[in-house]
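Q: Each number in the working numbering corresponds to the 1-based position in the sequence shown with 20 added.
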Amino acid sequence: PVPKSGEVLIRVIATPVNPSDYGEWTHVLGDKPAEPTPIGKEGSGVVVASGGGVYANSIVGAKVGFVTNVKGQGSYAEYCTVDAMKGVFPLPEKVACEDAASHFVNPY
Numbered sequence: 021p022v023p024k025s026g027e028v029l030i031r032v033i034a035t036p037v038n039p040s041d042y043g044e045w046t047h048v049l050g051d052k053p054a055e056p057t058p059i060g061k062e063g064s065g066v067v068v069a070s071g072g073g074v075y076a077n078s079i080v081g082a083k084v085g086f087v088t089n090v091k092g093q094g095s096y097a098e099y100c101t102v103d104a105m106k107g108v109f110p111l112p113e114k115v116a117c118e119d120a121a122s123h124f125v126n127p128y
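1) Among residues of its own chain, excluding the 5 on either side of S122, which ones have a beta-carbon nearer than 6 Å to its beta-carbon?
2) Residues in its own chain within less than 6 Å of P110 by CB, not counting five upstream and five downstream?
3) In the DSSP assignment, what are the bridge partners of C100?
4) With a CB to CB cut of under 7 Å and the five nearest residues on each side skipped, what residues in its chain are close to A104?
5) Have a look at the DSSP bridge pairing and note the partners of V66.
6) Taking the C-alpha atoms as reference points, what is the distance between E118 and V32?
7) Using CA atoms only, rank isn't needed, just tell me which of V68, A69, C100 and T46 is closest to E62.
8) Determine the contact status of G94 and I59, defining contact as a CB-CB distance below 9 Å.
9) Expressed to the nearest angstrom, what Euclidean distance is found between the alpha-carbon atoms of W45 and A69?
10) Kindly list the residues whose CB is nearer than 6 Å to the CB of V66, restricted to its own chain and excluding five residues on each side of it in sequence; keep chain order.
11) If you draw a straight line from the C-alpha of G43 to the C-alpha of V22, how long is it?
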């Protein structure tokens, strides 16, 4: 995907399986969505590109946690675009992506 202004492109490193994801897969949480269905609500990775904007440009190269918030994107993809101001959280250097992948949607 190509990030729009204010969005960043993230190379996904880790993503969890949340109860809410399972509910979507099994259609417990509503009608069956149109195919293909993007799966995954959160994850962690590295920002590899920016669509423009001061903040989005400033975090290129950063290790981040994120919540998918762009329609048609899911964290189970290799790459996804995310609104930089609303869904990206820079991670401390000592925190591994695998440890931070599920701290946003279902933190426990």
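Each residue gets a CB set at the ideal place from its N, CA and C atoms; glycine is no exception.
A: So, from the listed chains and residues:
1) P36
2) A82 and V84
3) I30
4) G26, E27, V28, G73, Y75, A76 and I79
5) R31 and K83
6) 11 Å
7) C100
8) In this structure, I59 lies closer than 9 Å to G94 by Cβ.
9) Each residue's Cα considered, the two are about 30 Å apart.
10) R31 and K83
11) Straight-line Cα distance between these residues: approximately 28 Å.
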